[in-house]
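One structure is given below, encoded as C-alpha coordinates.
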Amino acid sequence: MTESSAIDDVAVSLGDRSYVVRVGRGLLARAGAEIAPLLRRPRVAVVSETTVAGLHLEALRAGLSAAGVTMESLILPPGESTKSWSHLQTTVEWLLAQKVERGDIVVAFGGGVIGDLVGFAAAILRRGVRFVQIPTSLLAQVDSSVGGKTGINSAQGKNLIGAFHQPSLVLADIEVLDTMTPRDFLAGYGEVVKYGLLGDADYFAWLEANGPALARGDRGARQAAVRHAVRMKADIVERDETEQGDRALLNLGHTFGHALEAATGYGDRLLHGEGVAIGCLLAFDLSARLGLCGQEAPARVAAHLQAMGMKRSLADIPGDLPGRDGLIALMAQDKKVVDGAMRFILARDIGDSFVTAAVPRAVLADLLDQALAAR
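Each number in the working numbering corresponds to the 1-based position in the sequence shown with 1 added.
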(Lines of atoms letter the chains of each structure in order from A and count residues from 1; the text may use other names and numbers.)
(Lines give C-alpha, C1' and ligand atoms only; values in the text may rest on other atoms or scores of the structure.)
Protein backbone atom coordinates (compact mmCIF):
# COMPACT_ATOMS: atom_id res chain seq x y z
CA MET A 1 0.00 0.00 0.00
CA THR A 2 1.38 3.38 -1.01
CA GLU A 3 0.28 6.91 -0.21
CA SER A 4 -2.27 8.21 -2.69
CA SER A 5 -1.91 11.19 -5.01
CA ALA A 6 -4.42 14.05 -5.05
CA ILE A 7 -6.74 12.04 -7.29
CA ASP A 8 -6.48 8.31 -8.03
CA ASP A 9 -8.19 6.89 -11.09
CA VAL A 10 -9.34 3.28 -11.11
CA ALA A 11 -10.60 2.04 -14.47
CA VAL A 12 -13.43 -0.47 -14.68
CA SER A 13 -12.93 -2.05 -18.10
CA LEU A 14 -16.17 -3.47 -19.45
CA GLY A 15 -16.04 -2.71 -23.15
CA ASP A 16 -18.61 -0.10 -24.12
CA ARG A 17 -19.77 0.02 -20.48
CA SER A 18 -16.34 1.01 -19.16
CA TYR A 19 -15.93 3.91 -16.75
CA VAL A 20 -13.53 5.43 -14.27
CA VAL A 21 -13.79 5.63 -10.49
CA ARG A 22 -12.07 8.81 -9.31
CA VAL A 23 -10.94 8.71 -5.68
CA GLY A 24 -9.54 11.74 -3.90
CA ARG A 25 -10.09 15.10 -2.29
CA GLY A 26 -12.00 18.04 -3.76
CA LEU A 27 -14.08 16.08 -6.28
CA LEU A 28 -17.34 17.63 -5.08
CA ALA A 29 -16.01 21.12 -5.81
CA ARG A 30 -15.13 20.09 -9.36
CA ALA A 31 -18.16 17.90 -10.02
CA GLY A 32 -19.25 20.09 -12.94
CA ALA A 33 -15.89 19.76 -14.71
CA GLU A 34 -15.96 16.00 -14.13
CA ILE A 35 -19.51 15.45 -15.37
CA ALA A 36 -19.77 18.08 -18.13
CA PRO A 37 -17.96 15.96 -20.77
CA LEU A 38 -20.72 13.35 -20.43
CA LEU A 39 -23.58 15.81 -20.96
CA ARG A 40 -25.51 16.63 -24.11
CA ARG A 41 -27.12 19.58 -22.37
CA PRO A 42 -25.82 21.36 -19.24
CA ARG A 43 -28.26 19.99 -16.67
CA VAL A 44 -28.51 17.01 -14.34
CA ALA A 45 -31.19 15.48 -12.13
CA VAL A 46 -29.82 14.78 -8.64
CA VAL A 47 -31.44 12.35 -6.19
CA SER A 48 -30.23 12.45 -2.60
CA GLU A 49 -31.49 11.95 0.94
CA THR A 50 -32.19 14.34 3.81
CA THR A 51 -28.99 13.94 5.81
CA VAL A 52 -26.61 14.10 2.85
CA ALA A 53 -28.52 16.96 1.25
CA GLY A 54 -28.34 19.03 4.43
CA LEU A 55 -24.58 18.56 4.60
CA HIS A 56 -23.46 18.61 0.97
CA LEU A 57 -26.16 19.49 -1.58
CA GLU A 58 -25.22 23.16 -1.89
CA ALA A 59 -21.56 22.24 -2.28
CA LEU A 60 -22.53 19.93 -5.14
CA ARG A 61 -24.68 22.67 -6.68
CA ALA A 62 -21.74 25.07 -6.52
CA GLY A 63 -19.39 22.48 -8.00
CA LEU A 64 -21.75 21.88 -10.91
CA SER A 65 -22.47 25.58 -11.39
CA ALA A 66 -18.76 26.34 -11.69
CA ALA A 67 -18.83 24.47 -15.00
CA GLY A 68 -22.18 25.92 -16.09
CA VAL A 69 -24.20 22.83 -15.18
CA THR A 70 -27.60 23.32 -13.52
CA MET A 71 -29.35 20.79 -11.32
CA GLU A 72 -32.76 19.88 -9.99
CA SER A 73 -32.94 17.72 -6.90
CA LEU A 74 -35.21 15.18 -5.23
CA ILE A 75 -34.61 14.58 -1.54
CA LEU A 76 -35.73 11.24 -0.09
CA PRO A 77 -35.78 10.01 3.52
CA PRO A 78 -32.56 8.42 4.82
CA GLY A 79 -32.23 4.77 5.78
CA GLU A 80 -32.45 1.27 4.35
CA SER A 81 -36.26 1.41 4.24
CA THR A 82 -35.96 3.89 1.36
CA LYS A 83 -34.92 1.00 -0.90
CA SER A 84 -38.58 0.21 -1.51
CA TRP A 85 -41.19 0.01 -4.25
CA SER A 86 -42.82 3.23 -3.09
CA HIS A 87 -39.64 5.30 -3.16
CA LEU A 88 -38.65 3.75 -6.49
CA GLN A 89 -41.96 4.88 -7.92
CA THR A 90 -41.51 8.36 -6.42
CA THR A 91 -38.05 8.61 -7.98
CA VAL A 92 -39.06 7.41 -11.44
CA GLU A 93 -42.12 9.64 -11.58
CA TRP A 94 -40.03 12.64 -10.49
CA LEU A 95 -37.41 11.92 -13.15
CA LEU A 96 -40.15 11.72 -15.78
CA ALA A 97 -41.60 15.00 -14.52
CA GLN A 98 -38.14 16.54 -14.96
CA LYS A 99 -38.28 15.35 -18.58
CA VAL A 100 -35.08 13.37 -18.20
CA GLU A 101 -34.14 11.98 -21.61
CA ARG A 102 -31.91 9.08 -22.61
CA GLY A 103 -29.12 11.52 -23.35
CA ASP A 104 -29.26 13.08 -19.88
CA ILE A 105 -27.47 12.14 -16.67
CA VAL A 106 -29.07 11.19 -13.36
CA VAL A 107 -26.84 11.69 -10.32
CA ALA A 108 -27.05 9.39 -7.29
CA PHE A 109 -25.78 11.55 -4.43
CA GLY A 110 -25.65 9.62 -1.16
CA GLY A 111 -24.71 6.34 0.42
CA GLY A 112 -25.42 2.81 -0.69
CA VAL A 113 -29.18 3.11 -0.34
CA ILE A 114 -29.40 6.07 -2.69
CA GLY A 115 -26.90 4.58 -5.10
CA ASP A 116 -28.80 1.29 -5.36
CA LEU A 117 -32.23 2.91 -5.63
CA VAL A 118 -31.28 5.65 -8.10
CA GLY A 119 -29.22 3.26 -10.22
CA PHE A 120 -32.24 0.97 -10.51
CA ALA A 121 -34.48 3.93 -11.38
CA ALA A 122 -32.01 4.92 -14.10
CA ALA A 123 -31.92 1.32 -15.37
CA ILE A 124 -35.68 1.18 -15.92
CA LEU A 125 -36.37 4.80 -16.90
CA ARG A 126 -36.94 4.92 -20.67
CA ARG A 127 -35.36 1.43 -20.74
CA GLY A 128 -32.09 2.82 -19.46
CA VAL A 129 -30.56 6.25 -18.94
CA ARG A 130 -27.01 7.05 -17.85
CA PHE A 131 -26.19 7.85 -14.25
CA VAL A 132 -23.26 9.05 -12.19
CA GLN A 133 -22.50 7.84 -8.69
CA ILE A 134 -21.26 10.39 -6.14
CA PRO A 135 -20.99 8.15 -3.05
CA THR A 136 -20.91 9.98 0.28
CA SER A 137 -20.36 7.08 2.69
CA LEU A 138 -17.37 4.81 3.18
CA LEU A 139 -19.50 1.77 2.37
CA ALA A 140 -20.69 3.27 -0.91
CA GLN A 141 -17.21 4.47 -1.90
CA VAL A 142 -15.52 1.10 -1.44
CA ASP A 143 -18.33 -1.15 -2.57
CA SER A 144 -21.85 -0.33 -3.67
CA SER A 145 -21.09 2.54 -6.08
CA VAL A 146 -18.83 0.30 -8.19
CA GLY A 147 -19.92 -2.62 -10.32
CA GLY A 148 -23.42 -1.76 -11.50
CA LYS A 149 -25.53 -3.69 -9.01
CA THR A 150 -28.73 -1.71 -8.47
CA GLY A 151 -31.98 -2.57 -6.75
CA ILE A 152 -34.42 -2.41 -3.90
CA ASN A 153 -35.41 -4.67 -1.02
CA SER A 154 -38.46 -6.87 -0.61
CA ALA A 155 -40.20 -8.11 2.48
CA GLN A 156 -38.85 -11.47 1.32
CA GLY A 157 -35.22 -10.34 1.47
CA LYS A 158 -32.57 -7.79 0.59
CA ASN A 159 -31.70 -6.75 -2.97
CA LEU A 160 -34.03 -9.32 -4.53
CA ILE A 161 -35.39 -6.81 -7.08
CA GLY A 162 -32.92 -5.04 -9.32
CA ALA A 163 -30.78 -4.90 -12.43
CA PHE A 164 -27.17 -4.68 -13.52
CA HIS A 165 -26.69 -1.11 -14.77
CA GLN A 166 -23.18 0.33 -14.80
CA PRO A 167 -22.63 4.01 -13.94
CA SER A 168 -20.91 6.31 -16.43
CA LEU A 169 -18.60 7.77 -13.77
CA VAL A 170 -17.98 7.45 -10.03
CA LEU A 171 -16.68 10.40 -7.98
CA ALA A 172 -15.53 9.30 -4.51
CA ASP A 173 -14.60 12.47 -2.62
CA ILE A 174 -12.67 11.46 0.50
CA GLU A 175 -13.42 14.81 2.18
CA VAL A 176 -17.14 14.06 2.54
CA LEU A 177 -16.29 11.14 4.81
CA ASP A 178 -15.33 13.71 7.46
CA THR A 179 -19.02 14.38 8.12
CA MET A 180 -19.96 10.75 8.76
CA THR A 181 -20.94 9.70 12.27
CA PRO A 182 -18.53 7.27 13.94
CA ARG A 183 -21.12 4.51 13.81
CA ASP A 184 -21.80 4.97 10.10
CA PHE A 185 -18.08 5.10 9.33
CA LEU A 186 -17.38 1.89 11.22
CA ALA A 187 -20.34 0.21 9.53
CA GLY A 188 -18.76 1.07 6.19
CA TYR A 189 -15.47 -0.24 7.46
CA GLY A 190 -17.14 -3.65 7.62
CA GLU A 191 -17.08 -3.66 3.81
CA VAL A 192 -13.45 -2.48 3.79
CA VAL A 193 -12.36 -5.38 6.01
CA LYS A 194 -14.29 -7.76 3.76
CA TYR A 195 -11.91 -7.10 0.87
CA GLY A 196 -8.87 -8.13 2.87
CA LEU A 197 -10.64 -11.21 4.18
CA LEU A 198 -11.87 -12.42 0.82
CA GLY A 199 -8.77 -12.02 -1.29
CA ASP A 200 -5.83 -10.01 0.04
CA ALA A 201 -4.14 -10.98 3.29
CA ASP A 202 -1.60 -8.16 2.90
CA TYR A 203 -4.43 -5.63 2.70
CA PHE A 204 -5.97 -7.06 5.87
CA ALA A 205 -2.61 -6.76 7.62
CA TRP A 206 -2.38 -3.15 6.40
CA LEU A 207 -5.84 -2.50 7.85
CA GLU A 208 -4.81 -4.02 11.18
CA ALA A 209 -2.00 -1.45 11.30
CA ASN A 210 -3.88 1.52 9.82
CA GLY A 211 -7.53 0.94 10.78
CA PRO A 212 -7.35 3.19 13.86
CA ALA A 213 -5.91 6.03 11.74
CA LEU A 214 -8.75 5.58 9.25
CA ALA A 215 -11.28 5.86 12.04
CA ARG A 216 -9.57 8.97 13.42
CA GLY A 217 -9.86 10.73 10.08
CA ASP A 218 -6.49 10.29 8.36
CA ARG A 219 -7.43 11.32 4.80
CA GLY A 220 -4.34 9.82 3.20
CA ALA A 221 -5.00 6.45 4.80
CA ARG A 222 -8.69 6.68 3.91
CA GLN A 223 -7.89 7.40 0.27
CA ALA A 224 -5.39 4.54 0.09
CA ALA A 225 -7.92 2.14 1.63
CA VAL A 226 -10.73 3.21 -0.71
CA ARG A 227 -8.51 3.09 -3.79
CA HIS A 228 -7.29 -0.42 -3.00
CA ALA A 229 -10.76 -1.79 -2.27
CA VAL A 230 -12.12 -0.25 -5.48
CA ARG A 231 -9.25 -1.76 -7.49
CA MET A 232 -10.00 -5.17 -5.99
CA LYS A 233 -13.69 -4.87 -6.81
CA ALA A 234 -13.01 -3.58 -10.33
CA ASP A 235 -10.76 -6.57 -11.03
CA ILE A 236 -13.49 -8.98 -9.92
CA VAL A 237 -16.27 -7.16 -11.81
CA GLU A 238 -14.17 -7.17 -14.99
CA ARG A 239 -13.90 -10.96 -14.75
CA ASP A 240 -17.52 -11.57 -13.80
CA GLU A 241 -19.84 -8.62 -14.36
CA THR A 242 -23.13 -10.40 -13.67
CA GLU A 243 -22.05 -12.69 -10.82
CA GLN A 244 -21.83 -16.02 -12.60
CA GLY A 245 -18.69 -17.00 -10.68
CA ASP A 246 -15.95 -14.99 -8.95
CA ARG A 247 -18.11 -11.97 -8.20
CA ALA A 248 -20.02 -13.99 -5.61
CA LEU A 249 -16.89 -13.74 -3.44
CA LEU A 250 -17.82 -10.10 -2.83
CA ASN A 251 -20.73 -11.44 -0.79
CA LEU A 252 -18.48 -12.72 1.99
CA GLY A 253 -20.48 -12.20 5.18
CA HIS A 254 -23.62 -11.22 3.29
CA THR A 255 -25.58 -14.49 3.53
CA PHE A 256 -25.60 -14.08 7.31
CA GLY A 257 -25.68 -10.28 7.20
CA HIS A 258 -28.66 -9.96 4.87
CA ALA A 259 -30.66 -12.42 6.98
CA LEU A 260 -29.89 -10.37 10.09
CA GLU A 261 -30.90 -7.16 8.33
CA ALA A 262 -34.21 -8.72 7.30
CA ALA A 263 -34.72 -10.00 10.86
CA THR A 264 -34.22 -6.49 12.23
CA GLY A 265 -36.50 -4.83 9.69
CA TYR A 266 -33.80 -3.02 7.69
CA GLY A 267 -33.78 -0.39 10.41
CA ASP A 268 -31.42 1.40 12.74
CA ARG A 269 -30.94 -1.66 14.95
CA LEU A 270 -28.44 -3.06 12.46
CA LEU A 271 -26.76 -1.14 9.65
CA HIS A 272 -25.75 -3.00 6.50
CA GLY A 273 -22.01 -2.81 7.16
CA GLU A 274 -22.54 -3.97 10.73
CA GLY A 275 -24.38 -7.01 9.42
CA VAL A 276 -21.52 -7.66 6.98
CA ALA A 277 -18.91 -7.50 9.78
CA ILE A 278 -20.89 -9.90 11.97
CA GLY A 279 -21.51 -12.09 8.91
CA CYS A 280 -17.81 -12.20 8.01
CA LEU A 281 -16.90 -13.44 11.48
CA LEU A 282 -19.72 -16.02 11.37
CA ALA A 283 -18.42 -17.18 7.97
CA PHE A 284 -14.93 -17.63 9.40
CA ASP A 285 -16.32 -19.40 12.48
CA LEU A 286 -18.28 -21.72 10.17
CA SER A 287 -15.15 -22.34 8.09
CA ALA A 288 -13.22 -23.32 11.21
CA ARG A 289 -16.02 -25.65 12.34
CA LEU A 290 -15.86 -27.37 8.95
CA GLY A 291 -12.10 -27.78 9.27
CA LEU A 292 -11.40 -25.46 6.34
CA CYS A 293 -9.22 -23.04 8.32
CA GLY A 294 -7.53 -22.95 11.68
CA GLN A 295 -9.06 -21.34 14.76
CA GLU A 296 -6.46 -18.56 14.60
CA ALA A 297 -8.15 -17.03 11.50
CA PRO A 298 -11.54 -16.25 13.10
CA ALA A 299 -9.72 -15.23 16.28
CA ARG A 300 -7.70 -12.69 14.31
CA VAL A 301 -10.82 -11.36 12.59
CA ALA A 302 -12.61 -11.01 15.93
CA ALA A 303 -9.60 -9.25 17.47
CA HIS A 304 -9.49 -6.66 14.69
CA LEU A 305 -13.22 -5.96 14.84
CA GLN A 306 -12.93 -5.58 18.61
CA ALA A 307 -9.93 -3.26 18.27
CA MET A 308 -11.96 -1.07 15.93
CA GLY A 309 -14.91 -0.99 18.32
CA MET A 310 -17.23 -2.70 15.85
CA LYS A 311 -20.22 -4.98 16.19
CA ARG A 312 -19.00 -8.55 15.78
CA SER A 313 -21.61 -10.95 17.21
CA LEU A 314 -25.35 -11.49 17.54
CA ALA A 315 -24.99 -10.27 21.12
CA ASP A 316 -24.22 -6.81 19.74
CA ILE A 317 -27.62 -6.54 18.03
CA PRO A 318 -30.26 -4.94 20.29
CA GLY A 319 -33.76 -6.35 20.57
CA ASP A 320 -35.17 -9.75 19.75
CA LEU A 321 -34.01 -11.98 16.92
CA PRO A 322 -35.72 -15.01 15.35
CA GLY A 323 -34.57 -18.41 16.45
CA ARG A 324 -32.19 -20.60 14.52
CA ASP A 325 -34.81 -21.89 12.09
CA GLY A 326 -36.12 -18.38 11.43
CA LEU A 327 -32.66 -17.13 10.58
CA ILE A 328 -32.00 -20.10 8.31
CA ALA A 329 -35.30 -19.45 6.51
CA LEU A 330 -34.21 -15.87 5.89
CA MET A 331 -30.82 -17.07 4.66
CA ALA A 332 -32.60 -19.37 2.22
CA GLN A 333 -34.05 -16.26 0.49
CA ASP A 334 -30.56 -15.04 -0.36
CA LYS A 335 -30.13 -14.23 -4.05
CA LYS A 336 -27.15 -16.61 -4.26
CA VAL A 337 -29.43 -19.64 -3.73
CA VAL A 338 -29.14 -22.05 -6.69
CA ASP A 339 -31.60 -24.90 -7.23
CA GLY A 340 -32.86 -24.36 -3.70
CA ALA A 341 -29.39 -24.80 -2.16
CA MET A 342 -27.83 -22.04 -0.09
CA ARG A 343 -24.36 -21.02 -1.18
CA PHE A 344 -21.84 -19.69 1.31
CA ILE A 345 -18.61 -17.79 0.91
CA LEU A 346 -16.20 -19.58 3.23
CA ALA A 347 -12.46 -19.26 3.82
CA ARG A 348 -9.37 -21.42 3.89
CA ASP A 349 -7.54 -18.54 5.54
CA ILE A 350 -7.56 -14.75 5.66
CA GLY A 351 -7.36 -13.63 2.03
CA ASP A 352 -8.41 -17.02 0.63
CA SER A 353 -12.17 -17.39 0.20
CA PHE A 354 -14.34 -19.55 -2.04
CA VAL A 355 -17.99 -20.30 -2.81
CA THR A 356 -19.61 -23.57 -1.75
CA ALA A 357 -22.97 -25.18 -1.12
CA ALA A 358 -21.38 -27.99 0.89
CA VAL A 359 -22.44 -26.82 4.34
CA PRO A 360 -24.24 -29.46 6.42
CA ARG A 361 -27.39 -27.97 7.92
CA ALA A 362 -26.54 -29.49 11.30
CA VAL A 363 -23.25 -27.58 11.45
CA LEU A 364 -24.96 -24.33 10.45
CA ALA A 365 -27.70 -24.90 13.02
CA ASP A 366 -25.16 -25.57 15.77
CA LEU A 367 -23.26 -22.38 14.88
CA LEU A 368 -26.43 -20.29 15.07
CA ASP A 369 -27.61 -21.99 18.26
CA GLN A 370 -24.37 -21.08 20.02
CA ALA A 371 -24.38 -17.53 18.61
CA LEU A 372 -27.96 -16.98 19.80
CA ALA A 373 -27.25 -18.55 23.19
CA ALA A 374 -24.45 -16.04 23.77
CA ARG A 375 -26.89 -13.10 23.50
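A virtual CB, placed ideally from N, CA and C, is assigned to each residue, including glycine.
Whether residue i touches residue j by CB criterion (8 Å)
{"i": "G33", "j": "G55", "result": "no"}
{"i": "V11", "j": "R232", "result": "yes"}
{"i": "A37", "j": "A68", "result": "yes"}
{"i": "G116", "j": "Q134", "result": "yes"}
{"i": "G104", "j": "H166", "result": "no"}
{"i": "G111", "j": "S49", "result": "yes"}
{"i": "L28", "j": "D174", "result": "yes"}
{"i": "A263", "j": "L331", "result": "yes"}
{"i": "V302", "j": "A230", "result": "no"}
{"i": "L293", "j": "L373", "result": "no"}
{"i": "Q334", "j": "Q157", "result": "yes"}
{"i": "A298", "j": "A375", "result": "no"}
{"i": "G218", "j": "D179", "result": "yes"}
{"i": "E81", "j": "H273", "result": "yes"}
Cβ shell of residue i (< 7 Å), same chain only, five flanking positions each side left out
{"i": "I162", "result": "G152, I153 and S155"}
{"i": "G200", "result": "M233, L250, G352 and S354"}
{"i": "K84", "result": "V114, D117, L118, I153 and N154"}
{"i": "M309", "result": "L187, Y190, G212 and A216"}
Residues near residue i in its chain [Cβ-Cβ closer than 6 Å; skip 5 each side]
{"i": "N211", "result": "A222"}
{"i": "W95", "result": "L75"}
{"i": "H305", "result": "E209"}
{"i": "G149", "result": "F165, H166 and Q167"}
Boundaries of the alpha helix (DSSP H) in which residue i is found, first to last residue
{"i": "A304", "result": "E297 to A308"}
{"i": "Y59", "result": "For the record, residue 59 in the displayed sequence is Glu; it is not Tyr. T51 to S66 is the extent of the alpha helix (DSSP H) around E59."}
{"i": "S288", "result": "H273 to R290"}
{"i": "D367", "result": "R362 to A374"}
{"i": "T256", "result": "H255 to A264"}
{"i": "S87", "result": "W86 to A98"}
{"i": "G33", "result": "A32 to I36"}
Which listed residue (the options) has its alpha carbon closest to that of residue i
{"i": "L271", "options": "R128, D317 and L291", "result": "D317"}
{"i": "L139", "options": "A123, E102 and L187", "result": "L187"}
{"i": "T137", "options": "T182, V101, K159 and I106", "result": "T182"}
{"i": "D9", "options": "I329, A202 and A226", "result": "A226"}
{"i": "A363", "options": "E192, R325, V339 and R220", "result": "R325"}
{"i": "R127", "options": "K100, A141, V147 and A109", "result": "K100"}
Limits of the beta strand (DSSP E) - the one that residue i falls within
{"i": "M72", "result": "T71 to L77"}
{"i": "R23", "result": "Y20 to G25"}
{"i": "A12", "result": "I8 to V13"}
{"i": "S354", "result": "D353 to T357"}
Same chain, Cβ closer than 8 Å to residue i, neighbours up to 5 away in sequence not counted
{"i": "T92", "result": "V48, L75, L77, L118, V119 and A122"}
So within the region 104-178, which uninterrupted beta strand (DSSP E) runs reach at least 3 residues, ignoring any that extend past its ends?
106-111, 131-136, 150-155, 158-165 and 170-174
Would you mind listing the beta strand (DSSP E) stretches within the region 168-240 that are 3+ residues and don't spill past its ends, in chain order?
170-174
Could you give the uninterrupted runs of the beta strand (DSSP E) lying entirely in the region 310-344, keeping only those of 3 residues or more?
none
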